[in-house]
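Below is one structure; the comments refer to it alone.
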Amino acid sequence: MGSLNKDGEMEQIRDEFTEAILYVNGVRRVLPDGLAHMTLLEYLRDLGLTGTKLGCGEGGCGACTVMVSSYDRKSKTCVHYAVNACLAPLYSVEGMHVISIEGVGHRKLGLHPVQESLASSHGSQCGFCTPGFIMSMYALLRSSKNSPCEDEIEECLAGNLCRCTGYRPIVDAFRVFAKSDDAVYSGVSSLSLQDGSSICPSTGKPCSCGSKTTNAAANCNEDKFQSISYSDIDGAKYTEKELIFPPELLLRKLAPLKLRGNGGITWYRPANLQNLLELKANYPDAKLLVGNTEVGIEMRLKRLQYQVLISVAQVPELNALNVNDNGIEVGSASRLSELLRLFRKVVKERPAHETSACKAFIEQLKWFAGTQIRNVACIGGNICTASPISDLNPLWMASRAEFRVINCNGDVRSVPAKDFFLGYRRVDMGSNEILLSVFLPWTRPLEYVKEFKQAHRRDDDIAIVNGGMRVFLEQKGQQLFVSDASIAYGGVAPLSLCARKTEEFLVGKIWNKGLLQDALEVIQKDVLIKEDAPGGMVEFRKSLTLSFFFKFFLWVSHHVHNVNSTIETFPPSHMSAVQPVSRLSRIGKQDYETVMQGTSVGSSEVHLSARMQVTGEAEYTDDTPVPPNTLHAAFVLSKVPHARILSIDDLVAKSSPGFVGLFLAKDVPGDNMIGAIVADEELFATDVVTCVGQVIGVVVADTHENAKDAAGKVDVKYEELPAILSIKEAIIAKSFHPHTEKRLRKGDVELCFQSGQCDRIIEGEVQMGGQEHFYLEPHGTLVWTIDGGNEVHMISSTQAPQKHQKYVSHVLGLPMSKVVCKTKRIGGGFGGKETRSAFIAAAASVPSYVLNRPVKLILDRDVDMMITGHRHSFLGKYKVGFTNEGKILALDLEIYNNGGNSLDLSLSILERAMFHSDNVYEIPHVRIVGNVCFTNFPSNTAFRGFGGPQGMLITENWIQRIAAELDRSPEEIKEMNFQVEGSITHYSQSLQHCTLHQLWKELKVSCNFLKARKEADEFNSQNRWKKRGVAMVPTKFGISFTTKFMNQAGALVHVYTDGTVLVTHGGVEMGQGLHTKVAQVAASAFNIPLNSVFVSETSTDKVPNASPTAASASSDMYGAAVLDACEQIIARMEPVASKHNFNTFAEVLFLSCNLI
668 MGSLNKDGEM EQIRDEFTEA ILYVNGVRRV LPDGLAHMTL LEYLRDLGLT
718 GTKLGCGEGG CGACTVMVSS YDRKSKTCVH YAVNACLAPL YSVEGMHVIS
768 IEGVGHRKLG LHPVQESLAS SHGSQCGFCT PGFIMSMYAL LRSSKNSPCE
818 DEIEECLAGN LCRCTGYRPI VDAFRVFAKS DDAVYSGVSS LSLQDGSSIC
868 PSTGKPCSCG SKTTNAAANC NEDKFQSISY SDIDGAKYTE KELIFPPELL
918 LRKLAPLKLR GNGGITWYRP ANLQNLLELK ANYPDAKLLV GNTEVGIEMR
968 LKRLQYQVLI SVAQVPELNA LNVNDNGIEV GSASRLSELL RLFRKVVKER
1018 PAHETSACKA FIEQLKWFAG TQIRNVACIG GNICTASPIS DLNPLWMASR
1068 AEFRVINCNG DVRSVPAKDF FLGYRRVDMG SNEILLSVFL PWTRPLEYVK
1118 EFKQAHRRDD DIAIVNGGMR VFLEQKGQQL FVSDASIAYG GVAPLSLCAR
1168 KTEEFLVGKI WNKGLLQDAL EVIQKDVLIK EDAPGGMVEF RKSLTLSFFF
1218 KFFLWVSHHV HNVNSTIETF PPSHMSAVQP VSRLSRIGKQ DYETVMQGTS
1268 VGSSEVHLSA RMQVTGEAEY TDDTPVPPNT LHAAFVLSKV PHARILSIDD
1318 LVAKSSPGFV GLFLAKDVPG DNMIGAIVAD EELFATDVVT CVGQVIGVVV
1368 ADTHENAKDA AGKVDVKYEE LPAILSIKEA IIAKSFHPHT EKRLRKGDVE
1418 LCFQSGQCDR IIEGEVQMGG QEHFYLEPHG TLVWTIDGGN EVHMISSTQA
1468 PQKHQKYVSH VLGLPMSKVV CKTKRIGGGF GGKETRSAFI AAAASVPSYV
1518 LNRPVKLILD RDVDMMITGH RHSFLGKYKV GFTNEGKILA LDLEIYNNGG
1568 NSLDLSLSIL ERAMFHSDNV YEIPHVRIVG NVCFTNFPSN TAFRGFGGPQ
1618 GMLITENWIQ RIAAELDRSP EEIKEMNFQV EGSITHYSQS LQHCTLHQLW
1668 KELKVSCNFL KARKEADEFN SQNRWKKRGV AMVPTKFGIS FTTKFMNQAG
1718 ALVHVYTDGT VLVTHGGVEM GQGLHTKVAQ VAASAFNIPL NSVFVSETST
1768 DKVPNASPTA ASASSDMYGA AVLDACEQII ARMEPVASKH NFNTFAEVLF
1818 LSCNLI
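Heads up: the sequence shown begins at 668 in the numbering used here, then just goes up one per residue.
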């Protein structure tokens, strides 16, 4: 390439490399200059391939998963791997083949077996995450030489989230591909496979090429594929060829690349180390990246701008993997998945004593992010980012690893890992240097390395504290002495650090139990965490530093005892502390009876959108093709919890690319005040903001990115005011929403407490936090005007289209008859899209109406989580009286919820919590007082359970306390106090058909509760540290809306002369299968096949004034409405049907219509 310089490099690059290309689903695409800012996801969706979804934008949910295939010149094979398209820079896949969900299979030409399996196994509900799961599994099959085992399948799905299914049906659907006997799941006999054909790991179909590998797919004669049938999968429908790796890319040589993007970004891809060093010399501040898993998030979420990006992913020298007699040398650009495979390989091949560090890395990498991230993230990026909570850096430090650094002159130096980290995100590397490789030495006999990580959950979560520990023991006589030790921690300081004093203390000491306590005391003084340390949980983190060393000591003692039984060890009951954590197979069983034989109702049906979801053809709000001239919107949000707005300056925003306008409260044509029940919140804040994330205005621009950029440049000046940030602060300040105090009473609580009826009285309080809904599809809406602005239409992701219609008509000053809201389906709701979605549509409608142009507003995940509210946090203060036998006599309860800065549905949720505060227990005397707290948080809102779970949790807390007080089991206390037939609740309802006692008794037997309790007790007696428990918790929940008039529904049923039926109803399909259920009702009513019934969408101009799809009542409400409509139609056709003999429903319809 020659020497690069700022003036001449572009010309030289063009001489060697004239065209950037990419294959997408087998189609050759030329990548133009100017797209360095774009992600692969954005590019695919711009192509109309909307099956790949944007869920989180951080590589955490897997909704954007695609498969990338590239040619490995070293091994001369095609490699296939899953990646997060939301993070992958577009130019990072230049010269590669990208397969999205659309390239796997589709309904018209046939589903791939993976798709068919998931659809027929009920593995999709709302369906937003489904394409990502399909692509993860598909990539695993394409990359596997043999059928994967169940553990590999579950591991490959660790980077995918599903909010609906609980994962079991997804894993069940894919488990079929883990069968070890091809004949079992291929539908062909073992004898028929003896002729040389085998199951192709790419397609799951019989293949005659004989290679039994995916790498030979390009040479496989796919015309010889036979149909297969296993489980409910009809492989015969899969008629398309498996997409092969494009031959052009096999012959293409790697060449340097320079391309540009928005904001002055320049993207370089050097072809070798010399190219890279020359670029680094010219641009010492350039960001080096491989998977973009760190830089991409910084640029998107933190809005950081890097002018020069250098992709080192394909520099051969940085991808070297060398194993020699001294250890392993790994190139800094090597992917984490490659590192994991290498470690697993050497563990199998090398002596066990050499690979203790490798085993520690294997265990740590298993829980490091998801498969998609590990496939692209490199070890050098993780090291040089120098995150204080890096899972790997403490292990490098503990394992005596050395980092080899090269400068722009080619000089190489070696830095011990434990000396490499200098401070928060600072390392011992100059601006003219890069990390070349990492050397990991083999461990020696009696040298042990162990990894540690404590996070909130095991899969794909950052550490609270992590660690790596090593000890090298030397035997002298019958004793072991510490020859060398390394104790490294992450998450305890601004950098990963070694406990140097502890290491020095250990050296020379005899390895015995006495050393443990002494070492723990040294660690306690050696590793200090400041009380105001970022991340909080200081005491917990301190305890983890001790816990990790304790576990390490137990683990080493156990190993050395196995080598030399004279070395003292710990009793077996202690060893549960060091048992490895493994994924348990998800196994379940469903038992149900078909109540109505011969009808669709009562039968198990695959929901109507399943095959659309597994192929990516199901459309959600963001997938809807936008009209010409569409603008994109982004919110200007408050950055402080409580303040007076002094000024709003959009001067800088106006100069942003694509800026069209900023809309504030003064621009609202109608009323700026909105609310779910009480109009107590502003659409756009005027004088005062009352929470972080309150909407001040909305910016519209020509693209989503430009709108966000411009919104971020709107300068708002504040005068900050005192803020109330907790329920307890609100109670002290008497900060409650007006007119929200509610009281319920039964009996006489005061008299019961004072009369001596209660042998014992307990008092206490229960506090519980909120919860993010995390529907996979973020809030979004598309609004447009028609007929010269006389009407407003919108497509929204909402559980309540009628509320959107109402809000928009209100803020625009239009009659509701001129506003239409449509919803095809939504990607999950869980209550979060019942009311809080409406203000988003209302905000987008203002610029759309004023400018008479379509406006699209899709929230990014971070904004969605900030502004749209959560499950309510609650505080309960109770006083309970009971007898010595455990009979509950009186409950006095104060209950508070955190409503946030507007009332929304908080009062209804409070009332529901108050109703459920007896759970299922007979309490003669009850007094409950409830209040909704006004705090400076975004308004909280509906969530599954609607306050019921919070009320029951408070109850179950004091039930546990009663049991502990009386030294009885909680189950005994519960059984003793169950409500019975005819019990009168504290809200004056008489319980009818109360089968609680019978149900409890039957469940206790069917689940073998007493046996499980006994087994748990036995386990706990044998294990000091790890414990098991089993409990039975009854619940009572009132189905439907507590506001009676909302329990109504409407449906519109059209019948056509060909015998098909179109159903429209007021409910929203969000994964619960509502459309399928109402279709089953119609099919059964008309006695026609289910596929003769079609449910299109929910629309306010078809079924008006519908209640939100909520309260667990929609199937009953809309099923009944559809049935009523069908019965009316049948009654109208009865005069015709009774006079003629008809063979089909279509014949009845045809004649009925012609006689009208």
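Ideal Cβ positions, reconstructed from N, Cα and C, are used throughout, including at glycine. Fair warning: this is a prediction, and the values are worked out from it, not measured in the lab.
Taking all protein chains shown into account, do 16 or more other C-beta atoms lie within 10 angstroms of the C-beta of residue i, making it buried, or fewer, making it exposed?
i, result
"D748", "Looking at the sequence itself, residue 748 is Tyr, so the reference to Asp does not match. Y748 comes out buried."
"L1009", "buried"
"G1567", "buried"
"T1765", "buried"
"F892", "With a pLDDT of 29 at F892, under the threshold of 50, the modelled position of that residue is not reliable, and the figure given next carries that caveat. Buried, because 16 or more other Cβ atoms sit within 10 Å of the Cβ of F892."
"F1215", "buried"
"I895", "With a pLDDT of 34 at I895, under the threshold of 50, the predicted position of this residue should be treated as unreliable, and no value is reported."
"F1613", "buried"
"M1461", "buried"
"C653", "In the structure as shown, the chain begins at 668 and stops at 1823. Residue 653 is therefore absent and cannot be evaluated."
"L1113", "buried"
"C816", "exposed"
"I1453", "exposed"
"V1593", "buried"
Taking Cβ positions, are residue i and residue j nearer each other than 7 Å?
i, j, result
"Y1281", "I801", "Correcting the residue identity first, residue 1281 is Val in this sequence and not Tyr. The answer is yes: Cβ separation under 7 Å."
"A1374", "V1381", "no"
"P1336", "L1479", "yes"
"N1133", "K1143", "no"
"V1116", "S1023", "yes"
"S1136", "A1065", "Here residue 1136 is Met; the residue named in the question, Ser, does not match the sequence. It is a contact, given that the beta carbons lie within the stated cut-off."
"V1205", "E1198", "yes"
"L1719", "T1731", "yes"
"A953", "A980", "no"
"L1633", "G1717", "no"
"L1304", "V1522", "no"
"D1058", "Q1031", "yes"
Have a look at the DSSP bridge pairing and note the partners of residue i.
i, result
"L1449", "I1462, K1523"
"M1340", "E1349"
"A1130", "A1122"
"R1427", "F1549"
"Q1438", "R1538"
"L1298", "V1522"
"Y748", "V735"
"R1071", "S1081, S1104"
"A1511", "DSSP output for A1511 lists no bridge partner at all."
"T706", "P756"
Determine, for residue i, whether the minimum Cβ-Cβ distance to residues of chain C falls below 7 Å.
i, result
"T1602", "The displayed structure is made up of one protein chain only, and chain C is not part of it."
For a minimum of 3 consecutive residues, which ranges assigned as the beta strand (DSSP E) are wholly contained in the stretch 1722–1752? Every beta strand (DSSP E) stretch that sits fully inside the stretch 1722–1752 and reaches 3 residues is listed by chain position as 1728–1732.
Which runs of the beta strand (DSSP E) at least 3 residues long sit entirely within the stretch 1540–1613? Give them in chain order. Considered as a whole, the stretch 1540–1613 harbours 1541–1549, 1555–1567, 1592–1601 as its complete beta strand (DSSP E) runs of no fewer than 3 residues, in chain order.
Does the stretch 1741–1749 touch the stretch 1456–1471, meaning 3 or more C-beta pairs lie closer than 8 Å? The stretch 1456–1471 makes no contact with the stretch 1741–1749, as fewer than three CB pairs between them are under 8 Å.
Okay, do the stretch 700–710 and the stretch 749–760 touch, 3+ Cβ pairs below 8 Å being the bar? The stretch 700–710 makes contact with the stretch 749–760; the number of CB pairs closer than 8 Å reaches 3 or more.
Would you call the stretch 1325–1335 and the stretch 1350–1358 in contact, with 3 or more CB pairs under 8 Å? Short answer: they touch.
Go through the stretch 1645–1729 residue by residue and report every complete run of the alpha helix (DSSP H) that reaches 4 residues or more, in order. Fully enclosed alpha helix (DSSP H) runs of 4 or longer: 1663–1673, 1676–1689.
Whole runs of the beta strand (DSSP E) within the stretch 1372–1416, excluding any shorter than 3 residues: Within the stretch 1372–1416, the complete beta strand (DSSP E) runs of at least 3 residues are 1382–1387, 1409–1413.
Could you pull out every unbroken alpha helix (DSSP H) segment of at least 4 residues lying fully inside the stretch 906–979, listed in chain order? Entirely contained in the stretch 906–979, the alpha helix (DSSP H) runs reaching 4 residues are, in chain order, 914–918, 940–949, 962–968.
Just list the alpha helix (DSSP H) runs in the stretch 1165–1220, keeping only unbroken ones of 4 residues or longer that don't cross its boundaries, in chain order. Runs found: 1167–1173, 1180–1193.
Do three or more CB pairs link the stretch 822–837 to the stretch 1440–1459 at distances below 8 Å? Verdict: yes, contact present.
Decide yes or no for the touch test of the stretch 1639–1650 against the stretch 1602–1619: beta carbon pairs closer than 8 Å, at least 3 of them. These segments do not touch.
The stretch 1248–1258 contacting the stretch 727–743, beta-carbon criterion three pairs below 8 Å: Segments in contact, no.
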